[in-house]
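J.: Take this structure, written in structure tokens, and hold onto it; I'll ask about it next.
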């Protein structure tokens with residue numbers, strides 16, 4: 001699959017996923033997502049990158065964890081010899097806020113098919129001291145070098161076609177405390193079976209399903225999948241819990257390069273206990289390939 | 001749930017899980033598992049621990065990854081202010097061998113309910129230089145301080161009672177290349193539906209289920225759950241693949257203190273693709289609580 005910008009594919013994708021905001025079509029390397037996850041390597045400090053956390057990806061009272069993971073993933077993609085995230089494990093320490101950040105990476109080991117590294121994202125306190133927000137361990141490889149062999153029993157989520165799913169423009173805005181800015185960056189169409197929370201009638205099931213695209217039509221790539229797994233409303237909304245569901249730990253496996261076109265995302269919570277819950281996400285591409293799997297441990301909202 | 005040694009509970013557990021080796025009953029704090037995962041804090045180097053990797057926990061050509069995770073988990077339990085692993089993410093770089101090892105820990109952040117840290121396990125090369133085997137990020141808490149609230153849709157695995165499942169003493173030893181030493185440390189009784197691999201007739205399904213106990217009857221605790229999630233034969237055996245399935249990354253969520261008595265472990269692989277596979281494990285205790293969830297990314301065997 002070509003990872004370089006491809007006019008024809010991008011146009012097709014833009015036509016199928018362009019959001020109501022009518023933003024100009026973004027292509028891989030030249031999009032809202034790419035601009036807002038850009039990192040600048042410091043010339044005098046190897047492995048250190050400056051970044052600006054965009055206010056455009058905030059939700060409730062913090063910057064979205066998937067967006068942050070993509071930003072860390074981009075730094076590691078530059079720092080490590082292999083290009084693609086295979087497995088990325090992130091532990092979230094403190095909520096990130098829009099503004100400047102610095103990412104410090106460490107290359108731990110370089111093997112033939114996999115290389116491994118670590119990265120931390122810091123912001124600054126009132127005295128200008130670095131405060132660590134997130135730390136990540138990751139193993140990178142080359143998805144293009146994998147064999148084509150697929151032996152899977154997993155099946156794509158059962159959900160209505162995109163045209164029958166519901167987005168931000170299809171009804172009154174649901175009541176979410178704080179910022180909802182990320183909504184404008186995404187072309188998210190929720191399975192009607194999992195929108196009860198927005199209408200005051202949560203299903204009681206820990207499930208959330210949606211068609212996913214970036215609002216400017218940029219296609220998915222391995223890096224953006226790190227965002228995708230954490231970009232839906234939390235399953236806790238459908239369990240009748242409002243408020244923020246802060247991620248403690250999130251691990252993503254990227255299993256294949258996504259084909260162009262909209263993605264399907266299914267998130268399931270099976271065990272809410274003792275004030276914590278897991279969210280298991282699967283991401284399927286337009287070619288019916290399971291392209292990413294993730295699991296996170298999060299704190300349940302208090303309500 | 002009392003974590004201290006309890007004669008009566010330990011005797012019950014020993015009676016129900018004592019292995020054919022006829023080992024003396026082990027209790028928490030005084031067992032094969034505790035002896036072999038012991039770590040010795042260096043007096044002159046804060047956060048550094050010496051350990052001896054036991055040959056008793058080897059499988060095929062390396063020390064078992066779950067055993068190693070428990071060893072790292074024990075060091076972090078000492079180094080961090082909170083006692084119990086809540087989520088532990090490990091990236092495995094090089095295979096560990098029996099013999100001396102050193103664990104270097106770092107306390108990253110201490111919060112009220114969670115503290116986070118990092119640990120690496122090193123061994124020595126021929127020149128005595130440290131070689132990093134595994135690196136771990138972890139968030140610890142106090143399972144005893146969690147609310148009793150449980151809202152779960154997950155169900156225990158459907159499998160026959162322990163007496164109808166099959167262990168090492170119930171048939172000829174299956175052909176496994178290299179060491180099989182870990183078998184003697186465990187009282188593992190496999191669901192007959194997932195033992196086809198040992199008889200030359202793998203089911204073709206990526207499933208493995210077993211009743212789990214330690215051979216000396218020691219009860220499970222949060223630390224031993226880090227072993228349990230990686231102690232069954234790999235699901236790839238039932239997919240007809242022989243040989244080693246090296247773990248790239250393994251993340252465990254410990255969700256509750258396990259009740260005394262045998263555990264049920266279910267492992268499922270849904271996506272074997274491009275030479276990699278995931279293994280999702282669930283561990284259920286004798287009180288029907290989901291006590292641990294894990295996922296690993298592993299390389300598929302070549303055969």
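Residue numbers (the UniProt record's numbering), protein chains in the order written: chain A, 1 to 303; chain B, 1 to 303. From the three backbone atoms N, C-alpha and C, an ideal C-beta is built for every residue, glycine too. Here the structure is a predicted model, which means the values were calculated and not measured.
(1) What are the boundary residues of the beta strand (DSSP E) that includes residue 207 of chain B?
(2) Determine the burial state of residue 247 of chain A: buried for a count of at least 16 other Cβ atoms within 10 Å of its Cβ, exposed for fewer.
(3) Beta carbon of residue 54 of chain A: closer than 7 Å to some heavy atom of the ligand ZN?
(4) Hey, does residue 150 of chain B have any beta-carbon neighbour from chain A nearer than 8 Å?
(5) In chain order, what residues of the same chain have a beta carbon less than 6 Å from the beta carbon of residue 31 of chain A, not counting five sequence neighbours either side?
(6) Please check if any C-beta of chain A sits within less than 8 Å of the C-beta of residue 195 of chain B.
(7) Assuming residue 245 of chain B and residue 301 of chain B are in contact, meaning their beta carbons sit under 8 Å apart, how far apart are those beta carbons, in whole angstroms?
(8) Which whole runs of the alpha helix (DSSP H) in the UniProt domain "Acyl-CoA thioesterase-like C-terminal" (178-298) of chain B are 4 residues long or more, in chain order?
(9) Listed in chain order, which residues of the stretch 241-262 of chain B have Cβ atoms closer than 9 Å to some Cβ of chain A?
(10) Would residue 22 of chain B be called buried (16 or more neighbouring beta carbons within 10 Å of its own) or exposed?
(11) Taking three-plus beta-carbon pairs below 8 Å as touching, is the stretch 80-97 of chain A in contact with the stretch 153-161 of chain A?
(12) Less than 8 Å between the beta carbons of residue 255 of chain A and residue 292 of chain A, yes or no?
(13) What did DSSP end up calling residue 56 of chain A once you bin it into helix, strand or coil?
(14) Looking at the unbroken beta strand (DSSP E) that takes in residue 141 of chain B, where does it start and where does it end?
(15) Per DSSP, which residues does residue 104 of chain B bridge with? Please list them.
(16) Return no unless some Cβ of chain A is closer than 8 Å to the Cβ of residue 107 of chain B.
(17) Using DSSP with H/G/I as helix, E/B as strand and the rest coil, what is residue 68 of chain B?
(18) Just the C-alpha distance for residue 117 of chain B and residue 228 of chain A, rounded to the nearest angstrom, thanks.
(19) Whose C-alpha, out of A:297, A:289 and A:253, is nearest the C-alpha of residue 273 of chain A?
(20) So the beta strand (DSSP E) residue 33 of chain A belongs to, where does it begin and stop?
(21) Chain A partners of residue 166 of chain B, CB-CB under 8 Å?
(22) Around the C-beta of residue 64 of chain B, are 16 or more other C-beta atoms found within 10 angstroms, so that it is buried, or is it exposed?
(23) Report the option in A:286, A:166, A:243 and A:278 whose CA atom is closest to the CA atom of residue 263 of chain A.
(24) As a quick exercise: from A:42, A:187, A:174 and A:180, pick the residue whose alpha carbon is nearest that of residue 196 of chain A.
(25) Using the C-alpha atoms, what's the distance from residue 192 of chain B back to residue 66 of chain B?
(26) Within 10 angstroms of its Cβ, does residue 39 of chain A collect 16 or more other Cβ (buried), or is it exposed?
(27) I need the DSSP call for residue 99 of chain B, collapsed to helix, strand or coil.
(28) Quick one, which of B:258, B:180, B:267 and B:141 has its alpha-carbon nearest residue 210 of chain B's?
(29) According to DSSP, residue 41 of chain B sits in a beta bridge with which residue or residues?
(30) Residue 106 of chain A to residue 114 of chain A, Cα distance in whole Å?
(31) Run down chain B in chain order and give the residues with a C-beta less than 8 Å from the C-beta of residue 187 of chain A.
(32) For residue 249 of chain A, which of A:95, A:36, A:57 and A:74 has the nearest alpha-carbon?
(33) If contacts are defined as beta-carbon pairs under 8 Å, then residue 100 of chain B and residue 45 of chain B qualify, I think. What distance do you get, rounded to the angstrom?
(34) For chain B, check one thing: does any of its Cβ atoms lie closer than 8 Å to the Cβ of residue 21 of chain A?
(35) In angstroms with no decimal places, state the Cα-to-Cα distance between residue 237 of chain B and residue 194 of chain B.
(36) I want to verify the contact list: residues of chain B whose CB lies under 9 Å from the CB of residue 235 of chain A, in sequence order.
T.: According to the structure data:
(1) By 1-based counting over the second chain, the position of residue 207 of chain B is 207. 207-214 is the extent of the beta strand (DSSP E) around residue 207 of chain B.
(2) Walking along the first chain from the start, residue 247 of chain A turns up at place 247. By the 10 Å Cβ count, residue 247 of chain A comes out buried.
(3) The ligand ZN is not among the ligands present in this structure, which contains no ligands whatsoever.
(4) Taking the first residue of the second chain as 1, we reach residue 150 of chain B at position 150. Chain A contact via Cβ: present.
(5) As a first step, residue 31 of chain A must be located in the first chain, where it is residue number 31. 216 and 218.
(6) As a first step, residue 195 of chain B must be located in the second chain, where it is residue number 195. Chain A contact via Cβ: absent.
(7) Translated into the one-based positions of the second chain, residue 245 of chain B becomes position 245. Translated into the one-based positions of the second chain, residue 301 of chain B becomes position 301. Indeed they touch by this definition, with Cβ atoms about 6 Å apart.
(8) 222-228 and 235-238
(9) 248, 249, 251, 253, 255 and 256
(10) Position 22 of the second chain, counting from 1, holds the residue named residue 22 of chain B. With a pLDDT of 45 at residue 22 of chain B, under the threshold of 50, the modelled position of this residue cannot be trusted; read the value that follows with caution. It is exposed - the Cβ of residue 22 of chain B has fewer than 16 other Cβ atoms within 10 Å.
(11) no
(12) As a first step, residue 255 of chain A must be located in the first chain, where it is residue number 255. As a first step, residue 292 of chain A must be located in the first chain, where it is residue number 292. Closer than 8 Å, so yes.
(13) Numbered from its first residue, the first chain carries residue 56 of chain A at position 56. Reduced to three states, the DSSP call for residue 56 of chain A is helix.
(14) Along the second chain, one-based indexing puts residue 141 of chain B at 141. Its beta strand (DSSP E) spans residues 130-141.
(15) Translated into positions along the second chain, residue 104 of chain B becomes position 104. For residue 104 of chain B, which the question treats as bridged, DSSP gives the partners B:48 and B:120.
(16) Start at 1 with the first residue of the second chain, and residue 107 of chain B comes out as number 107. For residue 107 of chain B, the answer is no, since every Cβ of chain A falls outside 8 Å of its Cβ.
(17) Reading the second chain from its first residue, position 68 is the one you call residue 68 of chain B. Residue 68 of chain B falls in the helix class under three-state DSSP.
(18) Here residue 117 of chain B refers to the residue found at position 117 of the second chain. Here residue 228 of chain A refers to the residue found at position 228 of the first chain. Their Cα atoms are separated by approximately 27 Å.
(19) Here the question's residue 273 of chain A lines up with position 273 in the first chain. Of the candidates A:297, A:289 and A:253, the one whose C-alpha sits nearest the C-alpha of residue 273 of chain A is A:297.
(20) Counting from one through the first chain, the residue named residue 33 of chain A turns up at place 33. Counting along the chain, residue 33 of chain A falls outside any beta strand (DSSP E), though it belongs to the alpha helix (DSSP H) covering 32-36.
(21) Counted from its first residue, the second chain places residue 166 of chain B at position 166. Result: empty, since nearest Cβ-Cβ is about 24 Å, beyond 8 Å.
(22) Stepping through the second chain from its first residue, residue 64 of chain B is reached at position 64. By the 10 Å Cβ count, residue 64 of chain B comes out buried.
(23) Start at 1 with the first residue of the first chain, and residue 263 of chain A comes out as number 263. Residue A:286 is the option with its Cα nearest to residue 263 of chain A.
(24) As a working mapping, residue 196 of chain A is identified with position 196 in the first chain. Looking at the Cα atoms, A:174 is the closest of the given residues.
(25) Locating residue 66 of chain B in the second chain gives position 66, where the first residue counts as 1. Locating residue 192 of chain B in the second chain gives position 192, where the first residue counts as 1. When rounded, the distance between both Cα atoms is 24 Å.
(26) On the first chain, position 39 is the one that residue 39 of chain A refers to. By the neighbour-count rule (16 or more Cβ atoms within 10 Å), residue 39 of chain A is buried.
(27) In the second chain, residue 99 of chain B corresponds to position 99, counting from 1. Looking at residue 99 of chain B - three-state DSSP - the assignment turns out to be strand.
(28) Counting from 1 along the second chain, the entry for residue 210 of chain B is found at position 210. Answer by Cα proximity: B:267.
(29) Stepping through the second chain from its first residue, residue 41 of chain B is reached at position 41. The partner list for residue 41 of chain B (beta bridge, DSSP) reads B:49.
(30) Taking the first chain and counting its residues from 1, one reaches residue 106 of chain A at position 106. Taking the first chain and counting its residues from 1, one reaches residue 114 of chain A at position 114. Approximately 15 Å between the Cα atoms of the pair.
(31) Stepping through the first chain from its first residue, residue 187 of chain A is reached at position 187. Here the premise fails: no neighbours, minimum Cβ distance about 26 Å.
(32) Stepping through the first chain from its first residue, residue 249 of chain A is reached at position 249. It is A:95.
(33) Counting from one through the second chain, the residue named residue 100 of chain B turns up at place 100. Counting from one through the second chain, the residue named residue 45 of chain B turns up at place 45. With 8 Å as the limit, residue 100 of chain B and residue 45 of chain B do not qualify as a contact, their Cβ atoms being about 15 Å apart.
(34) In the first chain, the residue the question calls residue 21 of chain A occupies position 21. For residue 21 of chain A, the predicted structure reports a pLDDT of 45, less than 50, and the residue's modelled location is therefore unreliable. The matter cannot be settled from this model.
(35) Stepping through the second chain from its first residue, residue 237 of chain B is reached at position 237. Stepping through the second chain from its first residue, residue 194 of chain B is reached at position 194. When rounded, the distance between both Cα atoms is 9 Å.
(36) Residue numbering aside, residue 235 of chain A sits at position 235 when the first chain is read from its first letter. None at all; the shortest Cβ gap to chain B is about 11 Å.
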